[in-house]
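Written below as structure tokens is the structure these notes are about.
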Amino acid sequence: EYRGETTAPCDPRPGRISGAQHLDLQVLLALTADQIRERLGPQEDVELVAYCHSGSRSELATQILASLGYRASNYRGSWHEWSRDESLPAETG
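For the sequence shown, the numbering used here assigns the number 31 to the initial residue and increments by one for each residue that follows.
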């Protein structure tokens, strides 16, 4: 999904939100709290907005990150919504 190599049939275009950084939920679940902090940096310096295809995986990621003290929110519309608006920037690769 992130690289734009696969997409759901309901999405008009593949890709990701421009500037997004990828952290797969399965990887996040396998990391310790210290490993997450090491990867993402200090909580006070970071505001995170998670998204996925439809907002469900990103909701779980948001809960995990918030429990560690990050300012984290979930873009509920996620790629399903973003991909429909051609005026919004997207990247692939």
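Glycine included, every Cβ here is placed at the ideal spot set by N, Cα and C.
R43 is not a Cβ neighbour of G123, given a cutoff of 8 Å.
In this structure, DSSP gives R101 an extended state, which the three-state scheme calls strand. In this structure L70 is buried. Its beta-carbon is surrounded by 16 or more other beta-carbon atoms within 10 angstroms.
In the three-state DSSP reduction, L59 falls in the helix class (H, G or I). The region 81-94 and the region 103-110 touch, with three or more beta-carbon pairs separated by less than 8 Å.
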